[in-house]
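Colleague: There's a structure below that I have some questions on.
There are 2 protein chains.
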Amino acid sequence: MDRNVFKIDKLPTVRRLPAYLHILRQLARCDEKFVSSAFLAEKLNIEPILVRKDFELTRVAGTPRVGYSISGLIASIEEFLGWGEDLDAILVGVGQLGASILGYRELMDFRLRILAGFDSDPEKVGTAVHGVPVFAVTRLEELLGRLRARLAILTVPSADAQNITDLLVSSGIRGIWNYTSENIVVPADVITQKEDLASGLAVLCVKMSRNMPSPL
Amino acid sequence: MDRNVFKIDKLPTVRRLPAYLHILRQLARCDEKFVSSAFLAEKLNIEPILVRKDFELTRVAGTPRVGYSISGLIASIEEFLGWGEDLDAILVGVGQLGASILGYRELMDFRLRILAGFDSDPEKVGTAVHGVPVFAVTRLEELLGRLRARLAILTVPSADAQNITDLLVSSGIRGIWNYTSENIVVPADVITQKEDLASGLAVLCVKMSRNMPSPL
DNA sequence: TATTTATCGATATTTTTTTATCGTATAGCA
DNA sequence: TGCTATACGATAAAAAAATATCGATAAATA
Numbered sequence: 001m002d003r004n005v006f007k008i009d010k011l012p013t014v015r016r017l018p019a020y021l022h023i024l025r026q027l028a029r030c031d032e033k034f035v036s037s038a039f040l041a042e043k044l045n046i047e048p049i050l051v052r053k054d055f056e057l058t059r060v061a062g063t064p065r066v067g068y069s070i071s072g073l074i075a076s077i078e079e080f081l082g083w084g085e086d087l088d089a090i091l092v093g094v095g096q097l098g099a100s101i102l103g104y105r106e107l108m109d110f111r112l113r114i115l116a117g118f119d120s121d122p123e124k125v126g127t128a129v130h131g132v133p134v135f136a137v138t139r140l141e142e143l144l145g146r147l148r149a150r151l152a153i154l155t156v157p158s159a160d161a162q163n164i165t166d167l168l169v170s171s172g173i174r175g176i177w178n179y180t181s182e183n184i185v186v187p188a189d190v191i192t193q194k195e196d197l198a199s200g201l202a203v204l205c206v207k208m209s210r211n212m213p214s215p216l
Numbered sequence: 001m002d003r004n005v006f007k008i009d010k011l012p013t014v015r016r017l018p019a020y021l022h023i024l025r026q027l028a029r030c031d032e033k034f035v036s037s038a039f040l041a042e043k044l045n046i047e048p049i050l051v052r053k054d055f056e057l058t059r060v061a062g063t064p065r066v067g068y069s070i071s072g073l074i075a076s077i078e079e080f081l082g083w084g085e086d087l088d089a090i091l092v093g094v095g096q097l098g099a100s101i102l103g104y105r106e107l108m109d110f111r112l113r114i115l116a117g118f119d120s121d122p123e124k125v126g127t128a129v130h131g132v133p134v135f136a137v138t139r140l141e142e143l144l145g146r147l148r149a150r151l152a153i154l155t156v157p158s159a160d161a162q163n164i165t166d167l168l169v170s171s172g173i174r175g176i177w178n179y180t181s182e183n184i185v186v187p188a189d190v191i192t193q194k195e196d197l198a199s200g201l202a203v204l205c206v207k208m209s210r211n212m213p214s215p216l
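Next comes the structure, spelled out in structure tokens:
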């Protein structure tokens, strides 16, 4: 197998990478140098073998009796995710949820930098929310040309989701992180990721009603 | 290997149920009576066969050339998830994120009723955020006895996550919807569900860098 | 009424993901 | 130096999830 060709079909692994990254960074702050798969597994409530499997993707080799290099893992995961440098984004829909994302400091942990907010409410336009300037949605196309952000966070009311999506697409956005409850339609070359809070709640409810322990 | 012995089949199916529910309710509002697997599949960017497989869980039989009964599906899914009646919860940590969840009307779609907020900040205690009264965390145990909520939404700073979790557990909470970036530890009979925004972003970033179309 | 077409549903297959097994390498230590 | 315990890594197996196939059934239409 060609080592330069990443198998992208390991979506569950990709989903776990940020969790690894989070713990690894904590360890790095404590000046730890190495970590074992068993340690990480226990933190995440998964099996050590799964951690090792996941790390195959990072191409970082662990050493027996020592574990994996923490800095090596961090660098590799960041590179894989493209989180090594700032990830520029805009946010559309500065309502309840949008504003809280703008103020959500922990999001910055993965170098997500929100350059601008957009809203249709004239009251909000011209203000700054948590330090991020808010513009009129009508200026989206114009400003996107300058900002060069390829990623948009969509936090508009559901009713506006598709309209705004169309506008984002025609303005050249390449990825949309969709927080609305609508399933938006985009051309094939635009990526969308729906963040569905309800699905987590569904899992929680079902598990509670079955009274099951809760590994991931 | 003392981990969960019980198996909950079909977690991916459970995760999709709220999305089905959302569309079904929209259709019901438009007085539609029947829906086909193909229709739902297209809305959700999945295959019709997967929809039919998922619906096996609901035990609602479809009829050829007509589709499934919308009201039947809604009732069955709601029953399966326990979303037919109000789901009482409390929220701990009325910060940015916590406040926005309290004000997030669309959450109510699944009958989640947040009875009270808790915070350690004396400035917030005694106020009401989006109509939800905020109490001191020190009163958590006392008030939980009266409120009879079994579910807690955890939106405290990461540093406090485990402490508050311990408090919730000793106060009798059965399920914790964890929005912090910490992996909290709970006894086996308490369910936790970690809502990891970063994992969605990771998938989005990887897909964007590979420029893949975006199903699921 | 016969024909056509859409759509379900049972069964089988493939793919993906997780877990198990076991050999191997390495650090620590006598 | 040689022994031992630990933790990785390759391979294999199992489990879970998604997809394919195709017959059956019901509605629409001629």
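As they're listed, the protein sequences go chains C and X. The first sequence begins at 1 in my numbering and counts up by one. The second sequence begins at 1 in my numbering and counts up by one. All C-beta atoms, glycine included, are put in the ideal place defined by N, C-alpha and C.
(1) From S76 (chain C) to R15 (chain C), what does the alpha carbon distance come to, in whole angstroms?
(2) Where does K250 (chain C) fall in DSSP's three states?
(3) So the alpha helix (DSSP H) F55 (chain C) belongs to, where does it begin and stop?
(4) Short of 8 angstroms Cβ to Cβ, which residues in the segment 154 to 170 of chain X face chain C?
(5) 7 angstroms is my cut-off, CB to CB: does A75 (chain C) come that close to chain X?
(6) Could one say the Cβ of P12 (chain X) lies closer than 7 angstroms to chain C's Cβ atoms, at least one of them?
(7) Please list the terminal residues of the continuous beta strand (DSSP E) segment that includes P133 (chain C).
(8) What are the partner residues of V113 (chain X), as DSSP defines its beta bridges?
(9) Using a Cβ-Cβ distance under 7 angstroms, would L81 (chain C) count as near chain X?
(10) So, using beta-carbon positions, are S120 (chain C) and E141 (chain C) closer together than 7 angstroms?
(11) Exposed or buried, which one is C205 (chain X) when buried takes at least 16 other CB atoms within 10 Å?
(12) Does D2 (chain C) have its Cβ less than 7 angstroms from a Cβ in chain X?
(13) So is R15 (chain C) in contact with chain X if we call contact Cβ pairs under 7 angstroms?
(14) Going by DSSP in three states, G175 (chain C) sits in which element: helix, strand or coil?
(15) Identify which residue in X:V60, X:S37 and X:T58 has its Cα closest to the Cα of I49 (chain X).
(16) Tell me the residue span of the beta strand (DSSP E) that contains I153 (chain X).
(17) So, with DSSP's three-state summary, where would you put M212 (chain X)?
(18) Is the Cβ-Cβ distance between E182 (chain X) and S209 (chain X) less than 7 angstroms?
(19) Taking the alpha carbon of T192 (chain X) as the point to measure from, which residue in X:L144, X:G84 and X:I173 has its own alpha carbon closest?
(20) Report the three-state DSSP secondary structure of S181 (chain C) (helix, strand or coil).
(21) Go ahead and pull the three-state DSSP assignment for T63 (chain C).
(22) Have a look at L44 (chain C) and V186 (chain X) and give me their C-alpha separation to the nearest angstrom.
(23) Quick one: what does DSSP say A41 (chain C) is sitting in, helix, strand or coil?
(24) Roughly how many angstroms separate the alpha carbons of L102 (chain X) and F135 (chain X), rounded to a whole number?
(25) Using the DSSP secondary-structure output, state which residues sit across from D119 (chain X) in a beta bridge.
(26) Between which residues of its own chain and K124 (chain C) is the CB-CB distance below 6 angstroms, once the five residues before and five after are set aside?
(27) For E66 (chain C) and G84 (chain C), what's the separation of their Cα atoms in angstroms?
(28) Taking C-beta pairs closer than 8 angstroms, name the residues in chain C that E18 (chain X) reaches, listed in chain order.
(29) Using only CA atoms, which one of C:T13, C:Q26, C:I90 and C:C30 lies nearest to F55 (chain C)?
(30) Is it right to say T180 (chain X) is buried, meaning 16 or more other beta carbons lie within 10 angstroms of its own, or is it exposed?
(31) Is there a C-beta anywhere in chain C that falls below 7 angstroms from the one on N178 (chain X)?
Modeller: In brief:
(1) As a working mapping, residue 76 (chain C) is identified with position 76 in the first sequence. As a working mapping, residue 15 (chain C) is identified with position 15 in the first sequence. The alpha-carbon atoms of S76 (chain C) and R15 (chain C) are separated by roughly 15 angstroms.
(2) Not covered by the structure: residue 250 (chain C). The range shown for chain C is 1 to 216.
(3) Within the first sequence, the letter at position 55 stands for residue 55 (chain C). That run of the alpha helix (DSSP H) goes P48 to E56.
(4) S158
(5) Within the first sequence, residue 75 (chain C) is the residue found at index 75, counting from 1. Not one chain X Cβ lies under 7 angstroms of A75 (chain C).
(6) In the second sequence, residue 12 (chain X) corresponds to position 12, counting from 1. P12 (chain X) does not count as touching chain C.
(7) Against the first sequence, residue 133 (chain C) aligns to sequence position 133. Its beta strand (DSSP E) spans residues V132 to A136.
(8) Numbered from 1 along the second sequence, position 113 holds the residue referred to as residue 113 (chain X). The sequence shown places Arg at residue 113 (chain X), not Val. R113 (chain X) is bridged to X:D88.
(9) Taking the first residue of the first sequence as 1, we reach residue 81 (chain C) at position 81. With 7 angstroms as the cut-off, L81 (chain C) counts as an interface residue toward chain X.
(10) Translated into the one-based positions of the first sequence, residue 120 (chain C) becomes position 120. Translated into the one-based positions of the first sequence, residue 141 (chain C) becomes position 141. Not closer than 7 angstroms, so no.
(11) Working through the second sequence from its first residue, we reach residue 205 (chain X) at position 205. So C205 (chain X) ends up on the buried side.
(12) The residue given as residue 2 (chain C) occupies position 2 in the first sequence. Low confidence applies to D2 (chain C): its pLDDT is 34, below 50, so where it sits in the model is not reliable, and the reading given next is rough at best. Chain X contact via Cβ: absent.
(13) To locate residue 15 (chain C), count along the first sequence from 1; it is residue 15. Yes, its Cβ sits closer than 7 angstroms to a Cβ of chain X.
(14) Counted from its first residue, the first sequence places residue 175 (chain C) at position 175. Here DSSP, grouped into helix, strand and coil, assigns G175 (chain C) to strand.
(15) By one-based count along the second sequence, residue 49 (chain X) stands at place 49. When each option's Cα is compared against that of I49 (chain X), the closest is X:S37.
(16) Mapped onto the second sequence, residue 153 (chain X) falls at position 153. That run of the beta strand (DSSP E) goes L151 to L154.
(17) Taking the second sequence and counting its residues from 1, one reaches residue 212 (chain X) at position 212. Unreliable placement is indicated for M212 (chain X), whose pLDDT of 48 sits below 50; no coordinate value is reported for it.
(18) For the purposes of this step, residue 182 (chain X) is taken as residue 182 along the second sequence, with counting starting at 1. For the purposes of this step, residue 209 (chain X) is taken as residue 209 along the second sequence, with counting starting at 1. Cβ atoms of E182 (chain X) and S209 (chain X): not closer than 7 angstroms.
(19) One-based indexing of the second sequence puts residue 192 (chain X) at position 192. The shortest Cα separation from T192 (chain X) among X:L144, X:G84 and X:I173 belongs to X:I173.
(20) Counted from its first residue, the first sequence places residue 181 (chain C) at position 181. When DSSP states are grouped into helix, strand and coil, S181 (chain C) belongs to the coil group.
(21) As a working mapping, residue 63 (chain C) is identified with position 63 in the first sequence. Residue state, collapsed to three classes: strand.
(22) Position 44 of the first sequence, counting from 1, holds the residue named residue 44 (chain C). Position 186 of the second sequence, counting from 1, holds the residue named residue 186 (chain X). Answer to the nearest angstrom: the Cα atoms are 12 angstroms apart.
(23) Position 41 of the first sequence, counted from the start, is the residue given in the question as residue 41 (chain C). A41 (chain C): helix per DSSP, three-state reduction.
(24) Along the second sequence, one-based indexing puts residue 102 (chain X) at 102. Along the second sequence, one-based indexing puts residue 135 (chain X) at 135. Approximately 14 angstroms, taken between the alpha carbons.
(25) Taking the second sequence and counting its residues from 1, one reaches residue 119 (chain X) at position 119. Paired residues: X:A136.
(26) Counted from its first residue, the first sequence places residue 124 (chain C) at position 124. Cβ neighbours of K124 (chain C) beyond the five flanking positions: V94 and V134.
(27) Start at 1 with the first residue of the first sequence, and residue 66 (chain C) comes out as number 66. Start at 1 with the first residue of the first sequence, and residue 84 (chain C) comes out as number 84. One point to set straight first is that residue 66 (chain C) is Val, not Glu, in the sequence displayed. For V66 (chain C) and G84 (chain C), the gap between their C-alpha atoms comes out near 26 angstroms.
(28) Along the second sequence, one-based indexing puts residue 18 (chain X) at 18. Per the sequence shown, the amino acid found at residue 18 (chain X) is Pro instead of Glu. For P18 (chain X), the residues of chain C that pass the 8 angstroms Cβ criterion are D196, A198, S199, L201 and A202, in the order they occur in the chain.
(29) As a position in the first sequence, residue 55 (chain C) is number 55, starting the count at 1. It is C:T13.
(30) The residue given as residue 180 (chain X) occupies position 180 in the second sequence. Of the other Cβ atoms in all chains shown, 16 or more fall within 10 Å of the Cβ of T180 (chain X); this residue is therefore buried.
(31) Taking the second sequence and counting its residues from 1, one reaches residue 178 (chain X) at position 178. With 7 angstroms as the cut-off, N178 (chain X) does not count as an interface residue toward chain C.
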